[in-house]
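Colleague: To start, I am sharing the structure in question, which I have written as structure tokens.
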Amino acid sequence: MTEGVVASVDPGATAPPSAGRGRRGRRARRLGAMTVRLLLTLLGLLTLLFFLVRLSGDPAGVLAGPSATPQQLEAVRAGLGLDEPLLAQYAAFLGDVVRLDFGTSVFSGESALGTALGALPATLVLLVTTMLVSVAVGIPCGVLLDRGGRVTRAVVGTSMTLAQAVPTFVLGILLIYLFAVRLGWLPAFGSGTAATLVMPTLALATFAIARTARMVAAELEQVEDQDFLRTAAAKGASTRRVLWRHALPNAFPAVAAALVVEISYLISGAVVVEVLFAYDGIGKELVDAIFARDYPVVQACVFVIGVFVVVVNVVGDGLLRALDPRIARARA
Amino acid sequence: MTAALEIDDLWVEAGDPDDPLVLVRGVSLTVAAASVVGLVGESGSGKTVTCMASLGLAGRGVRITGGSVRAQGIELVGADERTLMRVRGGVVGTVFQDPLSSLNPLQRIGDQIAEAVMLHHGGRRRSHHARVVELLAKVGVPAPEQRARAYPHELSGGLRQRVAIAMALANDPALLVADEPTTALDVTVQAQVLDVIRSATRDEARSALIVTHDLGLVAEVADRVAVMYAGQIVEEGPVASVFQDPQHPYTRGLLASRPVLAAGRRRLGAMVGRPPLPGSWPAGCAFAPRCPVATGACGEAPPIRTSDQGWSRCWHPGSGETTATSRAEEGAA
Amino acid sequence: MRRRGIDLRLWVPLGVLVLTIVACFVGPMLLGPEAGQQALGERLAPPAWLPGAIDGRPLGTDAFGRDMLTRTLEGGQVSLQVGFGAATGAVLVGMVLGLVAGYWGGWCDRVIMAGADIWLAFPFLVIALAAVAVVGSDIPVLIVLLTLGGWVLPTRVTRTIALRVRSEDYVVAAAGAGASDLYLVRRHVLPQVLPANLVVWSFTVGALVVIEGALSFLGLGVKPPTASWGNIIADGTPYLQTAWWIVAWPALMIVVTVICANALGNALRGRWNAGADVIDKEVVP
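If you're matching them up, the sequences are chains A, B and C in order. So for the first sequence, the working numbering puts the first residue at 20; every next one is plus one. So for the second sequence, the working numbering puts the first residue at 89; every next one is plus one. So for the third sequence, the working numbering puts the first residue at -9; every next one is plus one.
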């Protein structure tokens, strides 16, 4: 190899000096767009919430109790600002939201937002364990679904079909029947201990496992024919190494992105699971508040869940972009 | 001295075992020590399958049904994974056609080269950094220290293919297998990559099997050439004698259909028809339907005729250039 | 389309679904109104093959002595009406929005797609819970609500297809030759959009039957004594230890319905991949 040849190669190989600035500008623009989307999402959520709650039902009636005189009712209404025009109420409501003031629980008298936030950690624990289980079980299942023999594929595939078809609450009841009623291994209800986390996690994770497995299998099939897997094998890597070091990492971004989007489904499932297993999370708090017509708490719970989902989406998206060198270091 | 690669009567098929699609029909090919062999043919002739299947890299569903493949005397057909792993990368380095898709997009190129070294010499990837830089410099990657930290998408096509070659040479293999190494590259870059391959073979007395449809490439780097058609080798011999005096009409057709600047005003001889796809290969001589000199005898499998230092598989070997060219032109008109 | 005997993957799930619908809407009439009445003397009777079973109550009775067969079929009426109704609504809404977004594009497209993105970020069940708590929950409300829960998928599918078809050479040529948008949509876009949306519809039925079940399981679906698979299961949960059959039958029905709906979707998808190609070939000269 002569020096001349080396010197003449590939003018496009060196990144132009402006690349760094362009990248930062793009990142700022992306962040801006995301913030706007986040705010829009929250605004939509809150608007929906406000009109749903105010347009029907009569919070004042609930608060004052069935034996209240019209004068008392009027007083409560004025106290809540319910006698003002709807738009004024809406503006006041948004103002309260900005100040993070959701009022107090009609029953306990405590801050509604405090009540909602207080119930959030238990739900987070449930979601995190569910995510971990769904990844830990879903990825191997996905590998089997793609790489297994005919029998393995059929067995795993059928299990996944079943896991996707059985609703979370039916599965939860099945688990209670099996592990609590029949075998007596686990407590059927409650929260706070590790044992009470097992069945809610299983009930919630089953669907997510099936989804993850299908995603992994689909991505592996996509990656399957890529030359770099053959290159790895040609270097002398074992089949196992090719799979775990080269194929799966390349399948991972798409799977992780799906998991991030999945969080809003998981939250919905968590509501059902928490009620079923009397697990004291924000979902159960919400349903209890709905039945008690405790609107400040309902609003606070929906707000907190909404913010959580949106934040997970935005942060997750950003994290994935940061981790994928093709995107993170891409040149314009 | 052991040959670098000895393929003996290799049969390869794919698809449903009960109704298989035969891709390679009894290919025998030897790459002697320190020699470079070009394997040429049109797409679908089985040239890529032959060399990928030999290394067990042909993918799911493609299987060897007969024959033997020895790299440096080590049998690869039916070998366990451990043996294959030792041979791949250690004895045989492989370069693929598309340098972008053949590099892992999520790993720095330095790490990918280091992995190749690590798989055969142990240790951790980081401990092979010096060797990585040395390899990158050897294949002519400028600023190898910095480039080792780049991701594949940050490099141009030519640099990527240099990286792929560096990876193939990582453990100083006795044999380099390159599948269409320049096809996916810009014309201006092809010559440079060719230089790298030439210096990796000639200058270091390394053997190579180069699969290509580019006869010019073969003329430049190879010592011997094997021509494949319909899953069989139809002619094999030293590059000089095959190119000057082709024995098989298909070889003559291939040579006639390449534009030669020095050939003056002579019309380009286009070959009649298209190569048949696997599964629809004619009985007897598979080339007969397109052959300008075919006779009734060609319905039978042709005999192998040896000549000089090569051989061909034809009933009418070496039947003259004039006839072939004029017949081909007639057919094309 | 090629004929090669009966495609079991298509006809078995379709047959089971049709059978389920017929059984749910006709069955209770045949069984008579008496079976659905409370009969406190016949509480928690087991299915026919267990000791202690009562004649004429083949699947047992619930905590109020009501016939489980009748209750399960009646519950199916609500669940299936809501599931099929809302899925149909979602697909219709989705097709209109998707066509507008994909065919006319521009700011319509941006607004609709941004809306879809934002909507997907909402935890739907949470919204639905809040809505039902406030608006109430008779069948029409549930259908409208779940229509909102399912519109994004058909919208996206329709948009993608419309976008693709619109840029096909033959459509561009027809437009250049003076064909009206309405004509082009009817002639070229709809034939490709409809099969795909039937597939989407099938999957959506399954998803919405589950959501309806979850809502009524939480006590926020139709009001008792009207039965729905979800609220029968909720009512039966306290009796899990002594009378598993109260939960078992409606749960089984949900699972079977969802599996069949998904299987039907898969079968249709497999079939119409080929169908779409046939359409392509007929349209392209």
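Positions of the beta carbon are idealized from the N, C-alpha and C atoms, including for glycine. Quantities reported herein were computed from a predicted structural model and do not represent experimental measurements.
1) Just to check my reading of the structure: B:Gly245 and B:Ala272 have Cβ atoms closer than 8 Å, yes? What is that Cβ distance to the nearest angstrom?
2) Is A:Phe247 close to chain C, meaning its C-beta is less than 9 Å from at least one C-beta of that chain?
3) For C:Thr51 versus C:Gly88, is the C-beta spacing smaller than 9 Å?
4) Need the endpoints of the beta strand (DSSP E) that B:Glu94 sits in, please.
5) Which bits of chain B does A:Thr258 rub up against, with CB to CB less than 8 Å?
6) In the DSSP assignment, find the beta strand (DSSP E) that holds B:Ser244 and state where it starts and stops.
7) Determine whether the Cβ of A:Leu305 lies closer than 9 Å to any Cβ atom of chain C.
8) Just to check my reading of the structure: B:Gly198 and B:Val183 have Cβ atoms closer than 8 Å, yes? What is that Cβ distance to the nearest angstrom?
9) Taking the alpha-carbon positions, what's the B:Val100 to B:Arg212 distance?
10) Alpha carbon to alpha carbon, what distance is there between A:Thr177 and A:Thr187?
11) Less than 9 Å between the beta carbons of A:Ala229 and A:Thr180, yes or no?
12) Using a Cβ-Cβ cut-off of less than 7 Å, list which residues of the region 235 to 248 of chain B approach chain A; keep chain order.
13) From this set, C:Ile223, C:Cys14, C:Ala76, C:Leu172, which residue's C-alpha is nearest C:Val131's C-alpha?
14) Assuming the contact rule is C-beta atoms closer than 8 Å, C:Val72 and C:Ile(-4) should be a hit. Round their C-beta distance to whole Å, please.
15) Are the C-beta atoms of C:Ile117 and some chain A residue less than 9 Å apart?
16) Does any CB atom of chain C fall closer than 9 Å to the CB of A:Pro186?
17) Which same chain residues end up closer than 7 Å to C:Ala13 when comparing Cβ atoms and leaving out the 5 residues on each side of it in sequence?
18) Can you list the residues of chain A that C:Ala245 reaches, using a CB-CB cut of under 9 Å?
19) A:Val321 and A:Leu57: beta carbons closer than 9 Å?
20) By how many angstroms is the C-alpha of C:Val147 removed from the C-alpha of C:Leu258?
21) Can you find the residues in the same chain that come closer than 7 Å, C-beta to C-beta, to A:Glu129, ignoring five residues on each side of it along the sequence?
22) Does any C-beta atom of chain B lie closer than 9 Å to the C-beta of A:Asp244?
23) How many angstroms separate the CA atom of A:Lys254 from the CA atom of B:Ala318?
24) At a CB distance below 7 Å, what residues from the region 182 to 202 of chain B approach chain A? Give them in sequence order.
25) Under 8 Å between beta-carbons, which chain A residues line up against C:Ile249? List them in chain order, please.
26) Which residues, taken in chain order from the region 146 to 175 of chain A, show a beta carbon closer than 7 Å to some beta carbon of chain B?
27) Going by Cα to Cα distance, which pick from C:Thr10, C:Met85, C:Ala241 is closest to C:Pro185?
28) Can you check whether the CB of C:Leu7 is closer than 9 Å to the CB of C:Ala197?
29) Measure how close the beta-carbons of A:Val235 and A:Ile158 come, nearest whole angstrom, since I'm counting them as under 8 Å.
30) Taking a contact to mean a Cβ-Cβ separation below 9 Å, would you say C:Gly79 touches C:Val142 in this structure?
31) Under 8 Å by Cβ, that's how I've got B:Leu263 and B:Ala159 pegged, so tell me the actual separation to the nearest angstrom.
32) Along the beta strand (DSSP E) that carries C:Trp109, what are the first and last residues, could you check?
33) Going by beta-carbon coordinates alone, are C:Val116 and A:Leu305 separated by less than 9 Å?
34) Kindly give me the distance between the Cβ atoms of B:His336 and B:Ser400, rounded to whole angstroms, as I take these residues to be in contact under 8 Å.
35) So which residues of chain A does C:Ala230 contact, with C-beta pairs closer than 8 Å?
36) Round the Cβ separation of B:Tyr239 and A:Pro344 to the nearest angstrom and send it over; I've been treating them as touching at under 8 Å.
Modeller: With the given structure in hand:
1) 7 Å
2) no
3) no
4) 93 to 102
5) Glu169
6) Where B:Ser244 is concerned, there is no enclosing beta strand (DSSP E), given that its DSSP letter is neither H nor E.
7) yes
8) That pair is no contact at about 18 Å.
9) 37 Å
10) 18 Å
11) yes
12) Tyr239, His241, Glu242, Leu243, Ser244, Gly246, Leu247
13) C:Ala76
14) Contact doesn't hold; Cβ gap of about 31 Å is too wide.
15) yes
16) yes
17) Leu63
18) It should be pointed out that residue 245 of chain C corresponds to Val in this sequence rather than to Ala. Near C:Val245 (Cβ distances below 9 Å), the residues of chain A are Leu181, Ala184, Val185, Pro186, Val189.
19) no
20) 15 Å
21) Thr123
22) yes
23) 30 Å
24) Thr182, Phe184, Asp186, Ser189, Ser190, Leu191, Asn192, Pro193, Leu194
25) Thr180, Leu181, Ala184
26) none
27) C:Met85
28) no
29) 5 Å
30) no
31) 6 Å
32) Segment 96 to 111 is the alpha helix (DSSP H) holding C:Trp109; no beta strand (DSSP E) there.
33) yes
34) 5 Å
35) For clarity, residue 230 of chain C is Leu in the given sequence; the question names Ala instead. Simply Ile192, Ile195, Tyr196, Val200.
36) 5 Å
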